[in-house]
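The structure appears below as structure tokens.
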Amino acid sequence: MKRVAAAMLAVLAGTPALWAQEAKPNIVLIVSDDQGYADLGCCGRPELKTPNLDRLAAEGVRLTNFYVTWPACTPSRGSILTGRYPQRNGLYDMIRNNEVNYGHRFTEEEYAVSPEMTLGLDAREITIAQVLRKAGYATGVFGKWDSGRARRFMPLQRGFDAFFGFSNTGIDYFTHERYGVPSMYRGNERVKVEGYATDLFRREAIEFLNRNRHRPFFLYVPFNAPHGASNLERVGVQAPDEYYRMYGGLPPTREQRYKAAVTAMDHAIGKILDELDRHGAAENTLVVFFSDNGGSGVADNTPLRGRKGRMFEGGLRVPFIARWPGRLPQGEVSDAFLTSLEVFPTFTAAAGGRLPEGVTYDGFDMLPVLRGEADSQRTEMFWQRRSHKAARYKNWKWVEAGSDGGLFDLTNDIGEEKDLSEARPEILADLKARWRRWREEMNAAEPRGPFRDY
Ligand SMILES: [Ca+2]
Numbered sequence: 002m003k004r005v006a007a008a009m010l011a012v013l014a015g016t017p018a019l020w021a022q023e024a025k026p027n028i029v030l031i032v033s034d035d036q037g038y039a040d041l042g043c044c045g046r047p048e049l050k051t052p053n054l055d056r057l058a059a060e061g062v063r064l065t066n067f068y069v070t071w072p073a074c075t076p077s078r079g080s081i082l083t084g085r086y087p088q089r090n091g092l093y094d095m096i097r098n099n100e101v102n103y104g105h106r107f108t109e110e111e112y113a114v115s116p117e118m119t120l121g122l123d124a125r126e127i128t129i130a131q132v133l134r135k136a137g138y139a140t141g142v143f144g145k146w147d148s149g150r151a152r153r154f155m156p157l158q159r160g161f162d163a164f165f166g167f168s169n170t171g172i173d174y175f176t177h178e179r180y181g182v183p184s185m186y187r188g189n190e191r192v193k194v195e196g197y198a199t200d201l202f203r204r205e206a207i208e209f210l211n212r213n214r215h216r217p218f219f220l221y222v223p224f225n226a227p228h229g230a231s232n233l234e235r236v237g238v239q240a241p242d243e244y245y246r247m248y249g250g251l252p253p254t255r256e257q258r259y260k261a262a263v264t265a266m267d268h269a270i271g272k273i274l275d276e277l278d279r280h281g282a283a284e285n286t287l288v289v290f291f292s293d294n295g296g297s298g299v300a301d302n303t304p305l306r307g308r309k310g311r312m313f314e315g316g317l318r319v320p321f322i323a324r325w326p327g328r329l330p331q332g333e334v335s336d337a338f339l340t341s342l343e344v345f346p347t348f349t350a351a352a353g354g355r356l357p358e359g360v361t362y363d364g365f366d367m368l369p370v371l372r373g374e375a376d377s378q379r380t381e382m383f384w385q386r387r388s389h390k391a392a393r394y395k396n397w398k399w400v401e402a403g404s405d406g407g408l409f410d411l412t413n414d415i416g417e418e419k420d421l422s423e424a425r426p427e428i429l430a431d432l433k434a435r436w437r438r439w440r441e442e443m444n445a446a447e448p449r450g451p452f453r454d455y
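Right, dumping it as structure tokens:
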């Protein structure tokens, strides 16, 4: 009521700028971690309990043809923040200490000079939080940052007003250590708190929402669920016992652990949605949800081929939901070809902001497509992970991944089972040529760290 009164006063006083300020929608971006293409109740796995995400889909638009830019965490999340291909923004590989994969436990001294501590998203890159803050938004991130731990790379230095979470690529959900290294932060300071990570991110996100409910806010909640826990015990995914019990009791199997973590995350998402309802803010809030890459381990990417880390659809195509009551259709399922590169321009447009000048963006505002008013502008998409390559052009997909790969017609072969390389050599040549041109464009872009700084 107060907002309406203030807006009416502003109109009466002839101050359209204030009116525009009042009308700005809130933006909530929720990203899950390694969730499979089928791992939502509403995406074909009804035994998985995700009532809140199912509700979000019923109240919004769900995409079946949505891609991320890389088949694993760090580069995918870098593209969300920058709106640019990993090969353009410089963050085109993981930031992590591989030694822990062989059981090596870092001392504090070793860790301080390790890749996890020293590498990050190039400070010249402009994040979506910087753009939205300039448009008048309060900005907060609660969860997995995964874009650099050195101070200059941390969220408060990258356009966010508030941060609670961890900056590396994975933790133990309960101790918040990454292979023995304490990893939870509030702002720039390391903190020791008790609790299950998903619950803590939910609690901090809701506090931020409450603090900023009288102004437009950008709330980014990149969960680490349902990623495997990064601990030396290698227990898989972790969840509180009450969630294990929902899937058959204790001790849980690996699959039950995974499902429990998804449901715990879904519960946290429900609490955030409830809070929007409680403040009457749901109508004026764009909520977007997707997974940062395909599922791994016991996750289910059906009917897609491959999994996290791979160039097949199972690594790159992920579940996506957008809800904006009154502004987007309800209960739509769309097969429009869209990607996470569209998120940055979409949020900028929704906020009435401006894309920074002189920066090349790789996506576009997808709201007209989500509204069903326009076809997607996207006809092609390219991926590279070290020597592995992939390209999509319209309905065709080309994969070259070591000795594996092929040419696939996604129109009737979403599972990439039938290699048409020999049957359609002209299409194969065309996709390879498109990929090469894209790669040349990336090579010609201004160099960016941490891997190509010169
Ligand atoms: Ca991930």
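Each residue of the sequence shown is one higher than the last, beginning at 2 in the working numbering. Cβ atoms here follow ideal geometry from the backbone N, Cα and C, with glycine treated the same way.
message: Which of the three DSSP states is assigned to residue 22 in this structure?
response: Position 21 of the sequence shown, counted from the start, is the residue given in the question as residue 22. Here the model assigns residue 22 a pLDDT of 44, short of 50, so the residue's position is not dependable, and the following value carries that caveat. Correct three-state label for residue 22: helix.
Proximity test, residue 77 beta-carbon vs ligand 1 heavy atom, cut-off 8 Å: Taking the first residue of the sequence shown as position 1, residue 77 is located at position 76. Yes.
- prompt: In or out: residue 215 buried (at least 16 other Cβ within 10 Å) or exposed?
  reply: What you label residue 215 is simply residue 214 of the sequence shown in a count that begins at 1. Classification of residue 215: exposed, given that the 10 Å Cβ count is below 16.
message: Beta-carbon within less than 7 Å of residue 22's beta-carbon, same chain only, minus the 5 sequence neighbours each way: which residues are those?
response: Mapped onto the sequence shown, residue 22 falls at position 21. Interpretation of residue 22 is limited by its pLDDT of 44, a score under 50 that renders its predicted location unreliable; no figure is taken from the coordinates.
Residue ranges of each alpha helix (DSSP H) within the segment 112-174, 4 or longer: 116-119, 129-135
query: Start and end of the alpha helix (DSSP H) containing residue 207?
result: Position 206 of the sequence shown, counted from the start, is the residue given in the question as residue 207. Where residue 207 is concerned, the enclosing alpha helix (DSSP H) stretches over 198-212.
field: Beta-carbon proximity of residue 419 to residue 392, cut-off 9 Å
entry: Along the sequence shown, one-based indexing puts residue 419 at 418. Along the sequence shown, one-based indexing puts residue 392 at 391. No.
- prompt: Rounded to a whole number of angstroms, what is the C-alpha to C-alpha distance between residue 44 and residue 336?
  reply: For this step, residue 44 is matched to residue 43 along the sequence shown. For this step, residue 336 is matched to residue 335 along the sequence shown. Looking at the two C-alpha atoms, the distance is approximately 13 Å.
message: Please list the terminal residues of the continuous beta strand (DSSP E) segment that includes residue 75.
response: In the sequence shown, residue 75 corresponds to position 74, counting from 1. Run containing residue 75: none in the beta strand (DSSP E); it sits in the alpha helix (DSSP H), 74-83.
message: Taking DSSP's pairing of strands, which residues face residue 231 in a bridge?
response: Stepping through the sequence shown from its first residue, residue 231 is reached at position 230. BP columns for residue 231 are empty, so no partner.
query: In three-state terms, what does DSSP make of residue 356?
result: On the sequence shown, position 355 is the one that residue 356 refers to. Here residue 356 sits in coil by DSSP.
field: residue 348 - DSSP class collapsed to helix/strand/coil
entry: For this step, residue 348 is matched to residue 347 along the sequence shown. In the structure shown, residue 348 sits in a helix (DSSP, three-state: H, G or I).
The beta strand (DSSP E) enclosing residue 27, as first and last residue numbers: Position 26 of the sequence shown, counted from the first residue, corresponds to residue 27. Segment 27-33, the beta strand (DSSP E) holding residue 27.
task: May I have a chain-ordered list of the beta strand (DSSP E) segments no shorter than 3 residues that lie completely inside the segment 266-337?
output: 286-292, 321-324, 333-335
- prompt: What's the gap between the Cα of residue 62 and the Cα of residue 307?
  reply: By 1-based counting over the sequence shown, the position of residue 62 is 61. By 1-based counting over the sequence shown, the position of residue 307 is 306. One C-alpha to the other measures close to 26 Å.
field: Cβ neighbours of residue 450 in the same chain (closer than 7 Å, five flanking residues each side left out)
entry: Counting from one through the sequence shown, the residue named residue 450 turns up at place 449. Closer than 7 Å at Cβ, skipping near neighbours: 91, 123.
message: Which of the three DSSP states is assigned to residue 5 in this structure?
response: Numbered from its first residue, the sequence shown carries residue 5 at position 4. Residue placement at residue 5 is flagged as unreliable, the pLDDT there being 47, under the threshold of 50; the coordinate-derived value follows with that caveat. Three-state DSSP puts residue 5 in a helix.
field: Where residue 36 sits in the DSSP three-state scheme
entry: Translated into the one-based positions of the sequence shown, residue 36 becomes position 35. Residue 36 falls in the coil class under three-state DSSP.
message: With a threshold of 8 Å (Cβ to nearest heavy atom), would residue 293 be considered close to ligand 1?
response: Stepping through the sequence shown from its first residue, residue 293 is reached at position 292. Yes, the beta carbon of residue 293 sits closer than 8 Å to at least one heavy atom of ligand 1.
message: Rounding to the nearest angstrom, what Cα-Cα distance links residue 401 and residue 407 in this structure?
response: For the purposes of this step, residue 401 is taken as residue 400 along the sequence shown, with counting starting at 1. For the purposes of this step, residue 407 is taken as residue 406 along the sequence shown, with counting starting at 1. Whole-angstrom Cα-Cα distance: 7 Å.
- prompt: Could you give the residue range of the alpha helix (DSSP H) that holds residue 442?
  reply: Numbered from 1 along the sequence shown, position 441 holds the residue referred to as residue 442. Looking at the DSSP string, the run of the alpha helix (DSSP H) that includes residue 442 is 426-445.
task: Sort out for me which residues DSSP pairs residue 55 with in a bridge.
output: The sequence position of residue 55 within the sequence shown is 54, counting from 1. None, per the DSSP bridge assignment.
query: In three-state terms, what does DSSP make of residue 451?
result: If you number the sequence shown from 1, residue 451 lands on position 450. In the three-state scheme derived from DSSP, where H, G and I count as helix and E and B as strand, residue 451 is classed as coil.
message: For residue 371, report the span of its alpha helix (DSSP H) as first-last.
response: Start at 1 with the first residue of the sequence shown, and residue 371 comes out as number 370. Looking at the DSSP string, the run of the alpha helix (DSSP H) that includes residue 371 is 368-371.
- prompt: Pick from 112, 88, 452: whose alpha carbon is nearest that of residue 101?
  reply: The residue you call residue 101 lines up with position 100 of the sequence shown. Checking every option, the nearest Cα to that of residue 101 belongs to 112.
- prompt: Between residue 221 and residue 30, which are expected to be in contact by the criterion C-beta below 8 Å, what is the C-beta distance as a whole number of angstroms?
  reply: On the sequence shown, residue 221 is found 220 positions in, with the first residue counted as 1. On the sequence shown, residue 30 is found 29 positions in, with the first residue counted as 1. Correct: roughly 5 Å between the Cβ atoms.
Which of helix, strand or coil DSSP assigns to residue 391: In the sequence shown, counting from the first residue as 1, residue 391 sits at position 390. In the structure shown, residue 391 sits in a strand (DSSP, three-state: E or B).
Residue 456 CB to nearest heavy atom of ligand 1 below 8 Å: Residue 456 lies beyond the range of the chain shown here (2 to 455); nothing can be said about it.
- request: Could you tell me which residues DSSP puts in a beta bridge with residue 382?
  value: Working through the sequence shown from its first residue, we reach residue 382 at position 381. 393, per the DSSP bridge assignment.
query: Hey, how far is the Cα of residue 233 from the Cα of residue 177?
result: Locating residue 233 in the sequence shown gives position 232, where the first residue counts as 1. Locating residue 177 in the sequence shown gives position 176, where the first residue counts as 1. One C-alpha to the other measures close to 13 Å.
- prompt: Taking just the CA atoms, how far does residue 325 sit from residue 348?
  reply: As a first step, residue 348 must be located in the sequence shown, where it is residue number 347. As a first step, residue 325 must be located in the sequence shown, where it is residue number 324. Looking at the two C-alpha atoms, the distance is approximately 12 Å.
message: Taking 8 Å as the cut-off, is the beta-carbon of residue 34 closer than that to any non-hydrogen atom of ligand 3?
response: Absent from the structure shown: ligand 3. Ligands present: ligand 1.
- prompt: Below 9 Å between beta carbons: does that hold for residue 49 and residue 345?
  reply: Within the sequence shown, the letter at position 48 stands for residue 49. Within the sequence shown, the letter at position 344 stands for residue 345. No, they are not a contact pair.
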